Every structure is written in structure tokens, then in C-alpha cells.
Amino acid sequence: MYKTLILSLLAVLSFQSLFAQNKELTGFTKTSSPKEIGRSLAYHFVNERHELYAGSYIHYAEVCTWNGALDYAVKTNDQKLIKLLQDKFEPFFTREKPLLPPMNHVDYNMFGSLALKLYQITKDERYKKIGLAYADAQWELPRNAKSEEKSWAEKGYSWQTRLWIDDMYMITVVQNEAYKVTSDQKYIDRAAKEMVLYLNELQRPNGLFYHAPDVPYYWGRGDGWMAVGMPNLLLSLPKDHKDRPRIMEGYLKMMQSLKEYQRPSGMWNQLIDEPDFWAESSGTAMFTYGFIVGVQQGWLDASQYGPAAKKAFTAMATYVDERDNVTEVCIGTGKKNDKWHYRDRPRNAGDFHGQAPYLWCAAALLGK
Numbered sequence: 002m003y004k005t006l007i008l009s010l011l012a013v014l015s016f017q018s019l020f021a022q023n024k025e026l027t028g029f030t031k032t033s034s035p036k037e038i039g040r041s042l043a044y045h046f047v048n049e050r051h052e053l054y055a056g057s058y059i060h061y062a063e064v065c066t067w068n069g070a071l072d073y074a075v076k077t078n079d080q081k082l083i084k085l086l087q088d089k090f091e092p093f094f095t096r097e098k099p100l101l102p103p104m105n106h107v108d109y110n111m112f113g114s115l116a117l118k119l120y121q122i123t124k125d126e127r128y129k130k131i132g133l134a135y136a137d138a139q140w141e142l143p144r145n146a147k148s149e150e151k152s153w154a155e156k157g158y159s160w161q162t163r164l165w166i167d168d169m170y171m172i173t174v175v176q177n178e179a180y181k182v183t184s185d186q187k188y189i190d191r192a193a194k195e196m197v198l199y200l201n202e203l204q205r206p207n208g209l210f211y212h213a214p215d216v217p218y219y220w221g222r223g224d225g226w227m228a229v230g231m232p233n234l235l236l237s238l239p240k241d242h243k244d245r246p247r248i249m250e251g252y253l254k255m256m257q258s259l260k261e262y263q264r265p266s267g268m269w270n271q272l273i274d275e276p277d278f279w280a281e282s283s284g285t286a287m288f289t290y291g292f293i294v295g296v297q298q299g300w301l302d303a304s305q306y307g308p309a310a311k312k313a314f315t316a317m318a319t320y321v322d323e324r325d326n327v328t329e330v331c332i333g334t335g336k337k338n339d340k341w342h343y344r345d346r347p348r349n350a351g352d353f354h355g356q357a358p359y360l361w362c363a364a365a366l367l368g369k
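Count the sequence shown with the numbering used here and you get residues 2 to 369, in order.
Right, here's the structure in full:
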């Protein structure tokens, strides 16, 4: 009898917790509706031209946006959108095959995540073959590998390891999708091992990350890759995985710090801890995504982080222009030990670096 009573109580508490989470992440106005914003940005992407590296290969920012559009299409069961996104990929099997990135860099290999996501939707084996090739290549040491790359491989890490925080989306996203497709433990183990390495080497005492060890600035989008990579990995990581506690610790520490630096407007700035810098949309969207997932999963206190996420997304909505382009997006930015380098960076409207995390947030807000 007592066991039944306890189980019933736990069920009630679980329902109450879920209700609190959902309550904090709903009730958006028409102008800030995740469904409407997601739809506008996803269909806008369908007709966009490819973004290429120096005119040669598909850029990772396009892949990120494509993934976000697919997530949104699946959440809304928009079969028309799924078909359009699938059709956009089809030329890669024929006339656009030369645009496929080589399998020799984290930014290139993450292309495999898109193919693996399409496989999960369509079960078309062609996607699986391409996707797994990119995932496996991250751990297959090339014959012409440099000594540093060999050293990482000998320690069980990807030879593409370089200790840039961007990698904790680029590496983990393709390994995570490979795990979802195959259920092969090696893929999730790879991603978790890398994440722990990067947390141990790069996270600062305040929970944030410098753009680089020799560049002591908290650049928004740079930190954003970690803010997205950690919760995405935690969603797939088995509850009893040995690396889960360390990754959860790093995630919670970062989220707490981000909450303290959120501006009164709901946004975060180009340099997170510089109150006089401009509000930057892509980093804000990435941090918001980290909050949304944490609240939905019960990792973050819904009463604190739910309103913060809702405030952020509502503010983000005002940065979408009449052409469905996200504005105030910092362009691609290399490291530089100069604060004004970050303040003076150009801003692009419609840059995929911004379109992508907006779609991630919109899809996430539509429910688990």
C-alpha cells in the first residue's frame, strides 16, 4: 500500500513539475509566437541559396539552419516542409555532389548530422551512408596526419580536436546523430569524452568560456556553441553514463552565469559581460535554447529560468525583419586579443549563424 501511495505521490509531483515547466514556456503573443516565427524562418530557408566556403563547400552555418528547419518541420508535422527540405538535399547525390565538404575538419564533418537527421525522418539508406561516413571520419586518423593530430587520436579523442569551443557543437552533433541512428555506444561515448575534455580545459571559474585561452573575452556566439552542445548531448546521454555528472555540472554552472548576465531587455550582448556593448541575436538565441531545454527537462528551476527564456525569446522576435531575416547577427569572427575587435564587428541580417538558433528555439518551444 505504501509503495502505491509513494508512486502516486511521485506521479502527482511529476505532473505538477511538468505543468510548471509548460506554463512558463507558453502564452506568447502573436508577434512572438514560436510556431509562426519558426514557420517563417523555415520556409524562408527553403528558397535560400547555398552558403559556401570560398565558393567550394557547404558552410556549417547552412547545415545548422537546415537542421533547425527539419526540427521545426518534424515538431509541427509539416509534411510539405519536410519534402521541400528533402528535395533541397537531393542534388547532393548528383549535380551538387562537388559541394559536399571534405571529411577533414570539424566544421566540414558536421555536415553528416544533416544527412543522419534526414535518415531518421525518411529511412532512406543513402542519407545514413553519407552521415555515418562523416561521423566515422572524425575518428579515422588520416595517413598524412600531423603529430598533434596523432597525439589526440592516441588518447582516444578525435584527431580533429583543437580545443575551440565551437567544436562542442561541431563534433558532438554528428556523433550524437550517429548514435540516434545506430544505437552504437561508441558514438555517444566519443561525444561525451570530447565534451569532458573541453569542459576541463576551457571552462572558466564563472562557468563561461573565453573565445580562446589567449583571448580573455566572453564572446556571445562562441559561448553559444557550448550552451547548445551540452544540453543536446545530455538529452541523448544515458542516465547512468559515467560522463553525465561532469557534463551536467558544466552545463548548470554555465546556465547560472548566463542568467546573471542577461540584460534587462532579455538579450545578451556581443561580449557577455560588457553592459555597454550591443545586443547580439545569435548568441542570445543559443543561450535561450539552453534555458528552454533545461526547463523542459527539469534540469533548471522553471520558476527562474522559464521567465528568463520567455523574456529572451520575446525580445528575439523583435529582431526578425519583414523579410524573415534575423538582424544584429555578428559575422563569422576569428579570435583577437582586442576588446574593440568584438565591439566593431559587422552585423548581417539573414546570416545563417542567426537563422539557425532561432529555429532551434522555435522547435524546442513547441514541446518535448
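Just so you know, even glycine gets a beta-carbon here, dropped at the ideal spot from N, CA and C. Note that the structure is a prediction, hence the values are computed from the model and not measured.
Can you give me the start and stop residues for the alpha helix (DSSP H) that W67 sits inside?
Numbered from its first residue, the sequence shown carries residue 67 at position 66. Segment 61-76, the alpha helix (DSSP H) holding W67.
Rounding to the nearest angstrom, what Cα-Cα distance links E150 and N48 in this structure?
Walking along the sequence shown from the start, residue 150 turns up at place 149. Walking along the sequence shown from the start, residue 48 turns up at place 47. In a straight line, the C-alpha of E150 is about 39 Å away from that of N48.
In whole angstroms, what separates the C-alpha of Q17 from that of S159?
The residue you call residue 17 lines up with position 16 of the sequence shown. The residue you call residue 159 lines up with position 158 of the sequence shown. For Q17, the predicted structure reports a pLDDT of 47, less than 50, and the residue's modelled location is therefore unreliable. The matter cannot be settled from this model.
Could you tell me which of E155, L198, S152 sits nearest to T173, measuring between CA atoms?
Residue 173 sits at position 172 when you count from the first residue of the sequence shown. If we check each option's Cα against that of T173, L198 comes out closest.
Assign I273 to buried or exposed, taking buried as 16 or more other Cβ atoms, counted over all protein chains shown, within 10 Å of its Cβ.
Counting from one through the sequence shown, the residue named residue 273 turns up at place 272. The residue in question, I273, is buried, as its Cβ has 16 or more Cβ neighbours within 10 Å.
Of all the options G113, S282, K84, R205, which has the alpha carbon lying nearest to the alpha carbon of T315?
Position 314 of the sequence shown, counted from the first residue, corresponds to residue 315. The shortest Cα separation from T315 among G113, S282, K84, R205 belongs to S282.
So, do the stretch 178-189 and the stretch 212-229 have three or more beta carbon pairs nearer to each other than 8 Å?
No: the two stretches stay apart, fewer than three of their Cβ pairs being nearer than 8 Å.
Hey, T289 and A313 are a contact pair by Cβ (cut 8 Å); roughly how many whole angstroms apart?
As a first step, residue 289 must be located in the sequence shown, where it is residue number 288. As a first step, residue 313 must be located in the sequence shown, where it is residue number 312. T289 to A313, Cβ: 4 Å. Contact.
Just reading off the alpha helix (DSSP H) that V175 is part of, what are its end residues?
Position 174 of the sequence shown, counting from 1, holds the residue named residue 175. Counting along the chain, the alpha helix (DSSP H) containing V175 begins and ends at 168-183.
What residues match up with R348 in a beta bridge as DSSP calls it?
For this step, residue 348 is matched to residue 347 along the sequence shown. Its beta-bridge partners are C331.
Using a 10 Å radius around the Cβ and a threshold of 16 neighbouring Cβ atoms, would you call V13 buried or exposed?
The residue you call residue 13 lines up with position 12 of the sequence shown. Below a pLDDT of 50, predicted positions are generally treated as unreliable, and V13, at 42, falls in that range; the measurement from the model is reported next regardless. With fewer than 16 Cβ atoms within 10 Å of its Cβ, V13 is classed as exposed.
Secondary structure at Y58, three-state DSSP: helix, strand or coil?
In the sequence shown, counting from the first residue as 1, residue 58 sits at position 57. Strand.
Judging by CA-CA distance, which residue of L367, A357, K337, M317 is the nearest neighbour of V294?
Here residue 294 refers to the residue found at position 293 of the sequence shown. Among L367, A357, K337, M317, the Cα nearest to that of V294 belongs to L367.
How is the alpha helix (DSSP H) around S237 delimited, first residue to last?
What you label residue 237 is simply residue 236 of the sequence shown in a count that begins at 1. S237 -> alpha helix (DSSP H) spans 221-237.
On the three-state DSSP scale, how would you describe A357?
Here residue 357 is taken as the residue at index 356 of the sequence shown, counted from 1. In the structure shown, A357 sits in a helix (DSSP, three-state: H, G or I).
If you reduce the DSSP assignment to three classes, tell me which class L142 lands in.
By one-based count along the sequence shown, residue 142 stands at place 141. Of the three classes helix, strand and coil, the one that applies to L142 here is coil, per DSSP.
Among Q87, Y58, Q298, which residue has its Cα nearest to the Cα of D108?
Numbered from its first residue, the sequence shown carries residue 108 at position 107. When each option's Cα is compared against that of D108, the closest is Y58.
Helix, strand or coil: how does DSSP classify N270 here?
Residue numbering aside, residue 270 sits at position 269 when the sequence shown is read from its first letter. The answer is strand: DSSP assigns N270 an E or B state.
Under 9 Å between C-beta atoms, does K84 make it to chain B?
In the displayed structure, chain B is absent; only one protein chain is listed.
CA-CA distance, L115 and P276?
If you number the sequence shown from 1, residue 115 lands on position 114. If you number the sequence shown from 1, residue 276 lands on position 275. Roughly 36 Å between the two C-alpha positions.
Determine the burial state of Q271: buried for a count of at least 16 other Cβ atoms within 10 Å of its Cβ, exposed for fewer.
For the purposes of this step, residue 271 is identified with residue 270 of the sequence shown, where counting begins at 1. Q271 should be labelled buried.
Report the three-state DSSP secondary structure of Q263 (helix, strand or coil).
Here residue 263 corresponds to residue number 262 of the sequence shown, with the count starting at 1. Of the three classes helix, strand and coil, the one that applies to Q263 here is coil, per DSSP.
Go through its chain and collect everything with a Cβ distance to L85's Cβ below 6 Å, but skip five positions before and after it.
Taking the first residue of the sequence shown as 1, we reach residue 85 at position 84. Cβ within range, chain order: V47.
Please name the residue, chosen from E126, S34, I38, that lies closest to N326 on a Cα-to-Cα basis.
Looking up residue 326 in the sequence shown gives position 325. Out of E126, S34, I38, I38 has the C-alpha closest to the C-alpha of N326.
How should I1 be labelled, buried or exposed, when 16 other C-beta atoms within 10 angstroms of its C-beta is the threshold for buried?
Absent from the model: residue 1. The displayed extent of the chain is 2 to 369, so no value can be given.
Is the CB-CB distance between M255 and L209 below 9 Å?
Translated into positions along the sequence shown, residue 255 becomes position 254. Translated into positions along the sequence shown, residue 209 becomes position 208. For M255 and L209, yes; Cβs fall inside 9 Å.
Tell me, please, which residues DSSP counts as bridged to F210.
Position 209 of the sequence shown, counted from the first residue, corresponds to residue 210. Its beta-bridge partners are Q204.
Could you check what DSSP says for L198 in three-state terms: helix, strand or coil?
Locating residue 198 in the sequence shown gives position 197, counting from the first residue. In this structure, L198 counts as helix in the three-state DSSP scheme.
Does the beta-carbon distance from Y262 to G291 come in below 9 Å?
One-based indexing of the sequence shown puts residue 262 at position 261. One-based indexing of the sequence shown puts residue 291 at position 290. No, Cβ-Cβ distance for Y262 and G291 is not below 9 Å.
Taking the alpha carbon of V175 as the point to measure from, which residue in L100, G284, A286, M104 has its own alpha carbon closest?
Counting from one through the sequence shown, the residue named residue 175 turns up at place 174. Out of L100, G284, A286, M104, M104 has the C-alpha closest to the C-alpha of V175.
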